[in-house]
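Protein chains in written order, with my numbering: chain A, 67 to 574; chain B, 45 to 337.
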């Protein structure tokens, strides 16, 4: 642009109008007179007027001079340019500040700590150690996949503590976890007696506990608000077993009749509870009505079981309902059944029989029927579990079985809640647990998923009936819609077994 | 339920069979108490260790548990001697609380070492006679229990002969009778303590070994027997090995017949009722000297 060509812009008339209002405002602020004074204009004293005039002249002078100043186009463009640059700089700084304040800042929580009081010694330590192995695998996998997404990738840390398969020790270790280690949640194992005492401590501390197969019904009828169970209570399970006996086993095998039954349970919370519910289910007008010819509670783990087996031998039940917590007892009883030629059409079992070492008995171990949330047949219907089966086998040398699967599902349920809670605060996790809604592939078991009722029971839980068939694998034999194999019923007698008459597994 | 005579006899026999094992475990326990005045809480853990050694020798060498007992006895004698020399000798004059704590600590140590190396899975030994049964007069005799019973009886007889016929056995009994007097007549009591603890340990381990043919092995196995062994020891008079042998049989039979005749859940309570009744009327136990006021 040429120097002589610059034109002048005048803001004159506008400026003067604005200056008047502007100056009035400035004056009002300067001398303390409010424009919205509700008392209206007041007559000012001569001193006040003099002071006002002086102030006005001091302020309006330079401002008026500045605003009335005529600027060249170049100056105007320059000024506008400076303002634009200023705006850009301010905007950039604002955006930077906004970004700084809202940027992802990494984990706001350093880690999420979950307590695992497992029976690492004592009568159920085998199950506890396998559950621990699965929990460690879960922790590694979870952290390798980026940790808690809801907490900026904070890692999961599990604290394992041995409850010695002793409910009293369980109470102490639960107290340590919630009050000393300050865990965000607790994953209990599978024994009802342990869940009972441990959950009293977690409930008091307001820390949520999620348990897998602790099936004693009393656990979810205590009014606790921080206790959740994935599996079904023994009261319902017992009735389902009677239902399965009548609707499937007897119906499909009309040549076999069952009149007399016996109940055999140990003296743990699980054992006595399950025994009681077997007896109660026999009162059911539709599925019960058998003669209970023997009802035995023994002290487990036992050193000798001869007297109990002799009682059963005298009673001659057609079907035996058992509830043994310890695998050592399951082994002793099965050996004694063989020794005294004690035959049943079938034996319903649980817990102790499902512990893999029971299968070391080989062909003597075959054919008890049990109710389980998981069976190896699910590896076919849920192929993603095969990865976990491989990891578990590599770590323990064993095939995956029901209890480690429970551990996976419990931890996944808790971690899902932590992610949704976006916090490691137990209270927030508890609130998130209450609104859990997981699908079938979020758990390893044959459940439809996980959703908790107001009592903490999983409304999507289902049971499978499994039988240890002659390939020494627990196969799904019921209920019929999900059965993979045909149930062996009645089971072969000991004489038949000795003669080699052991039926092979038959797929449905 | 009608009581069948055959079944009753069978339950008594079962009681005798398991009672013999209680006796053998208790004999070692009472020997240690009688001589050293130490209540050995590690006895069950040492028994369990014997079970594991029997299992592993069977697993790797195919050795029958009864034969492995011949190796286990000297091995555990040496182990017991070493435990006394390096651990117990330091607290032999200490308070009984300190002694209890150290044997309890030893239990925890042994159990956790076993858990660390072999995990807690139960393990079963299968021998050629594991599924061998004899039927006679309506009674069933299973080979593992019968063989374990006779092995326990043999051990009991051997223990009796050793303590009554050998010079070391006499020295052990003399020390048990009066420690100061034994020292006065030249018995080296420290060495006797070591041999006593070694002998007690070996008996527990052998008892463990001979039941592995029918009883599952796991780190908790010994505890099931230890609890009853304490009852047997007190019942048969503290320090009296013959009392322990008889007391074991009594507890075994009471436990087994109660389970058959009355209620399985009454087995242990009734065993304790008998235990308390004997202590009330014979406070010194079945074979103790009469207490004098």
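The beta-carbon is built from N, C-alpha and C at its ideal position, and this holds for glycine as well. On a predicted model such as this, the values are computed, not experimentally measured, just so you know.
Inset, instruction - Take the Cβ of residue 179/B as the centre, count every other Cβ of all protein chains shown within 10 Å, and call the residue buried at 16 or more, exposed below. - result: Reading the second chain from its first residue, position 135 is the one you call residue 179/B. It counts as exposed.
Legend entry - DSSP-derived helix/strand/coil call for residue 163/B: For the purposes of this step, residue 163/B is taken as the residue at position 119 of the second chain. Coil.
Inset, instruction - Could you work out which residues of chain A lie near residue 183/B, taking near to mean beta carbons separated by less than 8 Å? - result: Your numbering for residue 183/B matches position 139 in the second chain. Under the 8 Å cutoff, chain A gives no residues; its nearest Cβ is about 10 Å from residue 183/B.
Inset, instruction - For residue 408/A, return the contacting residues in chain B, with the cut-off set at a CB-CB distance below 9 Å. - result: In the first chain, the residue the question calls residue 408/A occupies position 342. Going along chain B, no residue has its Cβ under 9 Å from residue 408/A, so there is no contact; the nearest lies around 11 Å.
Legend entry - Complete runs of the beta strand (DSSP E) confined to the segment 170-231 of chain B [at least 3 residues]: 177-180 and 183-186
Legend entry - Nearest to residue 219/A (by Cα), restricted to the options 374/A, 554/A, 196/A and 489/A: In the first chain, counting from the first residue as 1, residue 219/A sits at position 153. Cα-wise, what sits closest to residue 219/A is 489/A.
Inset, instruction - Measure from the C-beta of residue 149/B to each C-beta in chain A and report whether the shortest distance is under 8 Å. - result: Within the second chain, the letter at position 105 stands for residue 149/B. No - not a single Cβ of chain A is within 8 Å of the one on residue 149/B.
Inset, instruction - At 3 residues or longer, and completely inside the segment 323-411 of chain A: list those beta strand (DSSP E) runs for me, N to C. - result: 326-332, 357-364 and 385-389
Inset, instruction - Check whether the Cβ atoms of residue 286/A and residue 299/A lie closer than 8 Å to each other. - result: Taking the first chain and counting its residues from 1, one reaches residue 286/A at position 220. Taking the first chain and counting its residues from 1, one reaches residue 299/A at position 233. Taking 8 Å as the Cβ cut-off, residue 286/A and residue 299/A qualify as a contacting pair.
Legend entry - Neighbourhood of residue 302/B by C-beta distance below 7 Å, restricted to the same chain and skipping five residues each side: Taking the first residue of the second chain as 1, we reach residue 302/B at position 258. Excluding sequence neighbours, residue 302/B sits near 310, 311 and 314.
Inset, instruction - Under 9 Å between beta-carbons, which chain B residues line up against residue 365/A? List them in chain order, please. - result: Within the first chain, numbered from 1, the residue matching residue 365/A stands at position 299. Residues of chain B passing the Cβ test: 308, 309, 311 and 312.
Inset, instruction - Kindly confirm or deny that the segment 198-211 of chain B and the segment 370-383 of chain A touch, where touching means at least three C-beta pairs closer than 8 Å. - result: no
Legend entry - residue 530/A versus residue 206/B: straight-line alpha-carbon distance, rounded: Locating residue 530/A in the first chain gives position 464, counting from the first residue. Locating residue 206/B in the second chain gives position 162, counting from the first residue. The straight-line gap from Cα to Cα measures roughly 59 Å.
Inset, instruction - List the residues that DSSP assigns as beta-bridge partners of residue 75/B. - result: Walking along the second chain from the start, residue 75/B turns up at place 31. Per DSSP, none; premise fails for residue 75/B.
Legend entry - C-beta neighbour in chain B for residue 235/A, strict 8 Å: Taking the first chain and counting its residues from 1, one reaches residue 235/A at position 169. No, its Cβ sits nowhere closer than 8 Å to a Cβ of chain B.
Inset, instruction - Taking all protein chains shown into account, decide if residue 91/A is buried (16 or more other Cβ within 10 angstroms of its Cβ) or exposed. - result: Here the question's residue 91/A lines up with position 25 in the first chain. Because residue 91/A carries a pLDDT of 42, less than 50, the predicted location of this residue cannot be relied on, and no value is offered for it.
Legend entry - Opening and closing residue of the alpha helix (DSSP H) in which residue 91/B lies: Position 47 of the second chain, counting from 1, holds the residue named residue 91/B. Its alpha helix (DSSP H) spans residues 87-105.
Inset, instruction - Leaving aside the five residues before and after residue 128/A along the sequence, list all residues of the same chain whose C-beta is less than 8 Å from its C-beta, in chain order. - result: Reading the first chain from its first residue, position 62 is the one you call residue 128/A. Confidence at residue 128/A is low in this model, with a pLDDT of 47, below 50, so its placement is unreliable and no value can be given for it.
Legend entry - Helix, strand or coil at residue 225/A [DSSP, three-state]: The sequence position of residue 225/A within the first chain is 159, counting from 1. Residue 225/A falls in the strand class under three-state DSSP.
Inset, instruction - State whether the segment 180-188 of chain A contacts the segment 239-255 of chain A, with contact taken as three or more CB pairs (one from each stretch) at a distance under 8 Å. - result: yes
Inset, instruction - Could you say if the segment 382-402 of chain A and the segment 421-438 of chain A meet the contact criterion of at least three C-beta pairs nearer than 8 Å? - result: yes
Inset, instruction - Check distances from the C-beta atoms of the segment 240-265 of chain B to those of chain A and list, in chain order, the residues that come in under 7 Å. - result: 258, 260, 262, 263 and 264
Inset, instruction - For chain A, find out if any of its Cβ atoms is closer than 8 Å to the Cβ of residue 186/B; answer yes or no. - result: Here residue 186/B is taken as the residue at index 142 of the second chain, counted from 1. Cβ-Cβ to chain A under 8 Å: yes for residue 186/B.
Inset, instruction - To the nearest angstrom, report how far apart residue 54/B and residue 184/B are at their CA atoms. - result: Sequence index remark: in the second chain, residue 54/B carries index 10 (1-based). Sequence index remark: in the second chain, residue 184/B carries index 140 (1-based). Answer to the nearest angstrom: the Cα atoms are 7 Å apart.
Inset, instruction - Could you tell me the distance, in whole angstroms, from the CA atom of residue 51/B to the CA atom of residue 304/B? - result: As a working note, residue 51/B is residue 7 in the second chain. As a working note, residue 304/B is residue 260 in the second chain. So the alpha carbons of these two residues sit roughly 8 Å apart.
Inset, instruction - Return the Cβ separation of residue 510/A and residue 475/A in integer angstroms, given the expectation that the two are a contact with Cβ distance under 8 Å. - result: The residue given as residue 510/A occupies position 444 in the first chain. The residue given as residue 475/A occupies position 409 in the first chain. Confirmed, Cβ separation roughly 6 Å.
Legend entry - Under 7 Å (Cβ pairs) to chain B, residues found in the segment 190-207 of chain A: 191, 192 and 195
Inset, instruction - Taking residue 367/A as the reference, give the member of 324/B, 320/B and 263/B with the closest Cα. - result: Taking the first chain and counting its residues from 1, one reaches residue 367/A at position 301. Comparing Cα-Cα distances from residue 367/A to each of 324/B, 320/B and 263/B, the minimum goes to 263/B.
Legend entry - Close-in-space but distant-in-sequence residues of the same chain around residue 151/B (CB under 6 Å, 5 per side omitted): Mapped onto the second chain, residue 151/B falls at position 107. Same-chain partners within the cutoff: 85, 86 and 89.
Inset, instruction - Count the CB pairs spanning the segment 409-417 of chain A and the segment 433-446 of chain A that are closer than 8 Å, and state whether there are at least three. - result: yes
Legend entry - chain B contacts from the segment 362-386 of chain A (Cβ-Cβ distance under 8 Å): 362, 363, 364, 365, 367, 368, 369, 370, 372, 373, 374, 376, 377, 379, 380 and 381
Legend entry - Rounded C-alpha distance that separates residue 245/A from residue 238/A: Taking the first residue of the first chain as 1, we reach residue 245/A at position 179. Taking the first residue of the first chain as 1, we reach residue 238/A at position 172. Roughly 11 Å between the two C-alpha positions.
Inset, instruction - Using a Cβ-Cβ cut-off of less than 9 Å, give me the residues of the segment 164-178 of chain B that come near chain A, in sequence order. - result: 164, 165, 166, 167, 168, 170, 174, 175 and 177
Inset, instruction - Show which residues of chain B have a CB atom less than 7 Å away from the CB atom of residue 401/A. - result: By 1-based counting over the first chain, the position of residue 401/A is 335. 258, listed in chain order.
Legend entry - Proximal residues of chain B, C-beta to C-beta of residue 188/A below 9 Å: In the first chain, the residue the question calls residue 188/A occupies position 122. In chain order: 164, 263, 264 and 267.
Inset, instruction - Consider the Cβ of residue 88/B: report whether some Cβ of chain A lies at a distance smaller than 8 Å. - result: What you label residue 88/B is simply residue 44 of the second chain in a count that begins at 1. With 8 Å as the cut-off, residue 88/B does not count as an interface residue toward chain A.
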